[in-house]
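Note that the protein sequences, when read in sequence, are chains A and B. Quick note, the first sequence lines up with residues 1 to 143 if you use full-length UniProt numbering. Quick note, the second sequence lines up with residues 1 to 143 if you use full-length UniProt numbering. Below is one structure, written out as structure tokens; the observations come after it.
Protein chains: 2
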Amino acid sequence: MKNVAEATCPIARSVAFVGDAWSLLILRDASLGLTRFDDFRKSLGIAPTMLTRRLATLTEEGLLEKRRYSERPPRDEYLLTGAGRDFLPVLFMIGDWGRKHRGKGKLTRFVDAETGEEIQPIAVDTATGARIGTRPIRVVAAE
Amino acid sequence: MKNVAEATCPIARSVAFVGDAWSLLILRDASLGLTRFDDFRKSLGIAPTMLTRRLATLTEEGLLEKRRYSERPPRDEYLLTGAGRDFLPVLFMIGDWGRKHRGKGKLTRFVDAETGEEIQPIAVDTATGARIGTRPIRVVAAE
DNA sequence: CTGTGTTACTATCATTTTGATACGAAGTCA
DNA sequence: TGACTTCGTATCAAAATGATAGTAACACAG
């Protein structure tokens with residue numbers, strides 16, 4: 001995948017780091033409150049080698065933060081950083097796509113904790129107020 | 001990665017198909033108007049074997065559609081389907097994250113074709129009107 | 001203290017995926 | 001005829017993945 005991280009396209013920049021399935025699922029679980037190695041492992045059914053690597057890169061890349069929650073025995077947990085929390089909208093849009101286009105059968109639902117209503121995400125351009133994808137786009141190369 | 005596609009989580013369902021870097025970048029290019037094998041290959045610097053495979057799965061999964069645009073010589077192009085176009089909000093949120101958190105140096109900008117203004121995407125819950133991530137979420141298992 | 005359990009890993013290694021390079025097929029164009 | 005274009009396939013080395021087993025460092029019950 002080489003030098004995609006140095007592309008001028010912001011999508012490519014992101015994809016270089018979070019463009020793999022396990023990272024996305026780890027971020028999902030972290031967003032839903034999981035913090036510990038074994039919690040992630042059980043939730044995902046991931047091999048521990050993979051999980052170690054993914055947690056390490058997500059930590060290096062500043063999406064997760066490793067914090068010692070017990071000195072004896074030494075135990076660490078992984079917490080979302082600001083950058084990690086900022087990823088939540090991406091996950092919700094991915095989930096929304098999945099519900100629409102891969103939504104056969106029973107699905108987990110994400111609801112607002114206060115109202116109890118299912119969250120219905122849309123992406124909007126704050127500049128025009130229009131929904132993303134409803135107006136033509138132009139690409140402007142880095143100046 | 002096994003049976004993630006059968007998970008009850010809509011995010012996992014999506015991730016099973018589009019949770020890899022090349023697919024995301026192909027969808028980006030397709031969203032920006034590319035349609036042909038060689039266009040994708042040159043834009044991405046991807047090995048042709050990879051590109052063939054990715055285009056095939058994206059087509060099987062209903063995100064792209066193969067269409068013959070010339071009979072002699074036989075030439076095919078790949079067009080976004082409805083499901084593929086519905087993926088655009090995901091790409092924009094990914095791009096927005098990249099701009100915020102991986103945005104050092106010059107970046108390509110995406111602007112509204114009419115106003116010329118840079119698109120500033122946000123994800124909002126239509127139910128509450130609040131920005132995604134600003135209110136606590138609860139997960140409800142598939143019933 | 002001994003044995004069992006918990007948490008967070010590392011080691012090993014077969015299998016799978018990737019990616020680079022070369023080549024092919026089916027034409028066009030000069 | 002020969003060069004060029006477009007859309008791939010063939011081959012194969014290198015890298016990533018994933019299953020399984022083992023380790024380290026402790027707690028806690030008896």
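In this text, a Cβ means the ideal position worked out from N, Cα and C, and glycines have one as well.
Residues of its chain near residue i, where Cβ-Cβ distance is below 7 Å and the 5 sequence neighbours each way are ignored
| i | result |
| --- | --- |
| L25 of chain A | L44 |
| K66 of chain A | T59, D76, Y78 |
| L64 of chain A | A30, L55, L58, Y78, L79, L80, T81, G84 |
| V4 of chain A | A12, V15, A16 |
| V111 of chain B | E117, E118, I119 |
| P48 of chain A | R41 |
| D86 of chain A | none |
| G62 of chain B | T81, A83 |
| L51 of chain B | F37, F40, R41 |
| I132 of chain B | A123, V124, D125 |
Chain B contact for residue i (CB, 8 Å cutoff)
| i | result |
| --- | --- |
| E117 of chain A | yes |
| F37 of chain A | no |
| F87 of chain A | yes |
| F92 of chain A | yes |
| S14 of chain A | yes |
| I26 of chain A | no |
| A141 of chain A | yes |
| L32 of chain A | yes |
| E114 of chain A | yes |
| T126 of chain A | yes |
| M1 of chain A | yes |
| P136 of chain A | yes |
| T99 of chain A | Residue identity differs from the one stated: residue 99 of chain A is Arg in this sequence, not Thr. Cβ-Cβ to chain B under 8 Å: yes for R99 of chain A. |
Assigned exposure category for residue i - 16 Cβ within 10 Å defines buried
| i | result |
| --- | --- |
| R138 of chain B | exposed |
| Y78 of chain A | buried |
| T108 of chain A | buried |
| R36 of chain B | exposed |
| R28 of chain A | buried |
| residue 144 of chain B | There is simply no residue 144 of chain B to check, as chain B begins at 1 and stops at 143 in what is shown. |
| A123 of chain B | buried |
| P74 of chain B | exposed |
| G105 of chain B | exposed |
| residue 163 of chain A | This structure cannot speak to residue 163 of chain A, because chain A is shown only from 1 to 143. |
| residue 145 of chain B | With chain B covering only 1 through 143, there is no way to say anything about residue 145 of chain B. |
| G33 of chain A | exposed |
| P136 of chain B | exposed |
| R99 of chain A | buried |
Per DSSP, cross-strand counterpart(s) of residue i
| i | result |
| --- | --- |
| K66 of chain B | B:Y78 |
| R131 of chain B | B:V124 |
| F110 of chain A | B:V139 |
| D20 of chain B | A:D20 |
| E6 of chain B | Answer is none; E6 of chain B lacks a bridge partner. |
| E118 of chain B | B:V111 |
Chain A contact for residue i (CB, 8 Å cutoff)
| i | result |
| --- | --- |
| G129 of chain B | no |
| R102 of chain B | yes |
| I132 of chain B | yes |
| F40 of chain B | no |
| K106 of chain B | yes |
| D76 of chain B | no |
| T8 of chain B | yes |
| A123 of chain B | yes |
Cutoff 8 Å; reference residue i; Cβ partners in own chain excluding five residues on either side
| i | result |
| --- | --- |
| I94 of chain A | L24 |
| A142 of chain A | T8 |
| F92 of chain A | F110, I119, P121 |
Residue range of the unbroken alpha helix (DSSP H) whose run includes residue i
| i | result |
| --- | --- |
| M93 of chain B | 88-101 |
| E71 of chain A | Here E71 of chain A belongs to no alpha helix (DSSP H), and DSSP marks it neither H nor E. |
| K42 of chain B | 37-44 |
| L51 of chain A | 48-60 |
Cβ-based neighbour list, residue i, same chain, cut-off 6 Å, excluding 5 preceding and 5 following
| i | result |
| --- | --- |
| A113 of chain A | none |
| R102 of chain A | none |
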